Structures are given as structure tokens and as C-alpha cells.
Amino acid sequence: MTILTAVDGEAIPSRPVEKGRELAEAFGDDHVVLHVMPQDVFDGFRESTGTTAGGYSLPSAASYGDSGSDGVRSGDASSDGYSVEDGERHARSVARDVVRGTLDDWEDAVVQGRVGEPVEEILAEADRRHARYLVIGGRKRSPTGKALFGSSTQSILLSADQPVVTVMSE
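Just so we're aligned, residue 37 is where the sequence shown starts under the numbering used here, counting upward by one.
And the structure:
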């Protein structure tokens, strides 16, 4: 089975990654760390002619032609534009950065990247991998804040088919 940890890339080190690894070791499961690039951020990259969009740094053109450690290879950025595969590779690199910044021996973690609506993609990945647990981060918010801005954590808690471990930020 799998322990799936979803990360947003905002906190390094990541308490959810630490908890996910702890659970994976306790159950002898694989530990998968997932980052989802939101669809609107991806769309911003596709439309962007600059180097950043939505808080993400656009990968350099040189990195598009190289085969990375994940074995994915893409065409020339100037001719192909920013593809879904590029977005997933970029999201995977965010997950990898979080894992490397959190765990001393990070090589055992499997990193994944997706593009889309985060809640939907996280739940779909948990289902695809038959996750034993889904580990997510959470922030304390007022009821008004939740009503005005929504809550991905709340949506996942209400919709997940597997147990969800929520690690609250300090």
C-alpha cells in the first residue's frame, strides 16, 4: 500500500512529509509525495512570456531538452510552449524540493506532480494508488475565513475515501 502526502510547496521543512514518512515506515508502505500545480497557475505559465507566474519560477529553457532524474524528456520550450507534461515535471520538482528540504535520506520517497484542481487531483491520486492514509497540511482559520475563501483541507476531509491525517501548521 501507499501513504500519500500532499504538499503545497510553501513550507520547508514540511511537517506533513515528516508524518507521512513516519507512517510509511510504521506500515512498511511506499511514501508518495504529491504536489499539484493549480490549473490557473498552469494557465498563467502557458500565457506568460515572463519568467514567473503565480509564485512559481518558470523552468529555464535549457532544462527542457535535458532528461531529468525522473527520466522525462521534453522538446524545445520555444517551439512547444509550456505543456501539461512540463507542468507536471515542474510540480514534481516542487515536491522533490520539499522532500529534500525535509528528510535527510529522501531517496526512498516517490515524488509526483500533477496539474489541475488540487482537491480533485489529490483525491484521484489517493484512489489510483489505493492509499492507506492521505497526509495533508492544514492552517487554522476562522469560520468566516473558511466561508469566504473555502478550504482545500476541509474539502479533502469531507470527500476522501481513505483516512486523512491532517498536520496543522504552527
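Even for Gly, the Cβ is constructed at its ideal location relative to N, Cα and C.
Computed from a predicted model, the values in this text were never measured in an experiment.
Query	Result
Alpha-carbon to alpha-carbon, VAL53 and ASP28	Residue 28 lies beyond the range of the chain shown here (37 to 206); nothing can be said about it.
Residues that GLN148 bridges to, as DSSP identifies them	LEU70
Beta-carbon contacts of ARG82 that lie in its chain and below 8 Å, excluding the five residues immediately before and after	GLY117 and TYR118
DSSP beta-bridge partners of VAL171	THR41 and VAL201
Backbone CA spacing between GLY137 and PRO179 [nearest angstrom]	32 Å
Within 9 Å, strictly: CB atoms of VAL155 and LYS55	no
Integer-rounded CB distance, given that HIS71 should sit under 8 Å from ALA127	5 Å
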